[in-house]
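Novice: Residue numbers (the numbering used here): 117 to 484.
Just so you know, even glycine gets a beta-carbon here, dropped at the ideal spot from N, CA and C.
As the structure is a prediction and not an experimental result, all values here were calculated from the model.
Dropping the structure in here first, questions after.
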Amino acid sequence: MENSPPKANILAVDDTPENLRILVQLLHEQGYRVRPVRNGAHALMTAQKEPPDLILLDIMMPDINGYEVCRQLKADERTRDIPIIFISALDEGLDKAAAFSAGGVDYLTKPFQTEELIARVQTHLALHQMRQTLQEKNEQLQKQNIELDAFAHTVAHDLQNPLTILMGYAQLLQNDPARITTDELVIIGDSSYKAAQKAIDIIQNLLLLVSVRKEDVIQYPLDMADIIKQVLERLKGPVVDTQAELILPQTWPPALGYAPWVEEVWVNYVSNGLKYGGQPPRLEFGATPQADNVIRFWVQDNGPGVSPAEQAVLFTEFTRLGKVHIKGHGLGLSIVRRIMDKLDGQAGVESGSGQGSRFYFTLKAKHA
């Protein structure tokens, strides 16, 4: 059995001062933090105020016996999962059935051997830690299942529109191709291309989301000017179509990150600015040094702004920014949040009615 983590918090309960002194000395020597108390009422109050990692509990005490203390602790949500080891003198007798029925995990009889005490404490601290880890993993899996359901619904919904367009045009070409004029063919080709591109974007976001969830990356100095150049090259079509005005800084402060993911953050932000900004959109880019060696990168649009209620849910799983003019799909901002979580940064928005929106993310500054 591995040694339990250092400085584990143990509550020792015994109405005999000498017994408490021995317990505290033995456990201190093993690196544990021990809080000694001498009666059941004090034990309940102490455990509920600051739940320990484990409790060593005497059975025979003048106010409340150990069985009742254990039952009350197990009935309290704050303390129900704490492992409790009963301690009883040989001449006091130990009702093992009552001990386990009350919620105890083990017992010791006094006088006990030091090696046995330490072994049982280490064992139950380790088991408690494993149970907590398992519970956290289960909760994480439940959360991921909920996210997966929402994600599957979002992708299915968003793919339906471009695929319906492609199927409609395919059926038109198949049923009566001779009656389609050259001008109509141009329109069909353009619309089909845009529908296919939208489907590809959704699939690429799906692959990106999987990558961000699974991969751990090494952060390195970024060439933000080059990243922005790549972003604008990717969005050249929408920039031209919307006749957007772009305002860029002459220089960027040096920062650490992972370029492919940072590029995706910018793509999401700029895409939203083009879709939901003013008509025509006006996007200003910038970076502002913050405290704690952090840089905030941002893009400001000239759109109608985002309400406080919308801001509260904007970066949660698969939330759409809006439904105006050019409809987006609900993966982008949730992916931004996941990327920034992996890069130890933050993502957010500052907005006011009629004042546009400033979407930002933070990265660690690179020291000169």
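So, for threonine 358: in the same chain, excluding its five sequence neighbours on each side, which residues have a beta-carbon less than 7 Å away from its beta-carbon?
Specialist: The count along the sequence shown starts at 1 and reaches residue 358 at position 242. The residues are Leu390, Pro396, Pro397.
Novice: Counting C-beta neighbours from all protein chains within 10 Å, is the total for proline 232 16 or more, i.e. buried, or is it exposed?
Specialist: Numbered from 1 along the sequence shown, position 116 holds the residue referred to as residue 232. One detail in the question is off: residue 232 reads as glutamate in this sequence, not proline. It is exposed - the Cβ of glutamate 232 has fewer than 16 other Cβ atoms within 10 Å.
Novice: Among Asp292, Leu243, Asn261, Ser308, which one has its Cα closest to the Cα of proline 278?
Specialist: On the sequence shown, position 162 is the one that residue 278 refers to. Out of Asp292, Leu243, Asn261, Ser308, Ser308 has the C-alpha closest to the C-alpha of proline 278.
Novice: Of all the options Ile296, Ile334, Gln276, which has the alpha carbon lying nearest to the alpha carbon of isoleucine 316?
Specialist: Here residue 316 is taken as the residue at index 200 of the sequence shown, counted from 1. Looking at the Cα atoms, Gln276 is the closest of the given residues.
Novice: Measure the Cβ-Cβ separation of alanine 371 and leucine 241 and say whether it is below 9 Å.
Specialist: Within the sequence shown, residue 371 is the residue found at index 255, counting from 1. Within the sequence shown, residue 241 is the residue found at index 125, counting from 1. No, the pair does not count as a contact, with Cβ atoms beyond the cut-off.
Novice: Going by beta carbon distance, what residues of the same chain come within less than 8 Å of isoleucine 126, once the five residues before and after it are set aside?
Specialist: Numbered from its first residue, the sequence shown carries residue 126 at position 10. Only Leu143, Tyr148, Arg149, Val150, Arg151, Pro168, Asp169, Leu170, Ile171, Leu172, Val237 meet the Cβ criterion.
Novice: Is there contact here, the stretch 350 to 364 with the stretch 319 to 338, by at least three beta-carbon pairs under 8 Å?
Specialist: No contact exists between the stretch 350 to 364 and the stretch 319 to 338.
Novice: Pairing CB atoms from the stretch 466 to 474 with CB atoms from the stretch 409 to 422, are three or more of them under 8 Å?
Specialist: A contact exists between the stretch 466 to 474 and the stretch 409 to 422.
Novice: Contact between the stretch 368 to 382 and the stretch 338 to 357: three or more CB pairs below 8 Å?
Specialist: Segments in contact, yes.
Novice: The alpha helix (DSSP H) that contains alanine 403, what's its start and end?
Specialist: Residue 403 sits at position 287 when you count from the first residue of the sequence shown. Where alanine 403 is concerned, there is no enclosing alpha helix (DSSP H), although the beta strand (DSSP E) it sits in stretches over 398 to 406.
Novice: Can you tell me the Cα-Cα spacing of aspartate 342 and leucine 282, whole angstroms?
Specialist: What you label residue 342 is simply residue 226 of the sequence shown in a count that begins at 1. What you label residue 282 is simply residue 166 of the sequence shown in a count that begins at 1. Using only the alpha carbons, I get a separation of about 35 Å.
Novice: Per the DSSP calculation, arginine 149 is bridged to which residue(s)?
Specialist: In the sequence shown, counting from the first residue as 1, residue 149 sits at position 33. Answer by DSSP bridge pairing, in chain order: Asn125.
Novice: If we count the other Cβ atoms within 10 Å of its Cβ and call it buried at 16 or more, is alanine 403 buried or exposed?
Specialist: As a first step, residue 403 must be located in the sequence shown, where it is residue number 287. Looking at its Cβ environment, which holds 16 or more other Cβ atoms inside 10 Å, alanine 403 is buried.
Novice: Put serine 307 into one of helix, strand or coil per three-state DSSP.
Specialist: The sequence position of residue 307 within the sequence shown is 191, counting from 1. Reduced to three states, the DSSP call for serine 307 is helix.
Novice: Under a three-way DSSP split, which group does leucine 224 fall into?
Specialist: If you number the sequence shown from 1, residue 224 lands on position 108. DSSP places leucine 224 in strand when its eight states are reduced to three.
Novice: Using three-state DSSP, classify alanine 98 as helix, strand or coil.
Specialist: Absent from the model: residue 98. The displayed extent of the chain is 117 to 484, so no value can be given.
Novice: To the nearest angstrom, report how far apart arginine 295 and glycine 305 are at their CA atoms.
Specialist: Position 179 of the sequence shown holds residue 295. Position 189 of the sequence shown holds residue 305. About 16 Å.
Novice: Under the DSSP definition of a beta bridge, which residues are partnered with valine 410?
Specialist: Position 294 of the sequence shown, counting from 1, holds the residue named residue 410. Gln406, Lys480.
Novice: Is it buried or exposed, leucine 479, if we count other Cβ atoms within 10 angstroms and call 16 or more buried?
Specialist: Position 363 of the sequence shown, counted from the start, is the residue given in the question as residue 479. The residue is buried, with at least 16 neighbouring Cβ atoms inside 10 Å.
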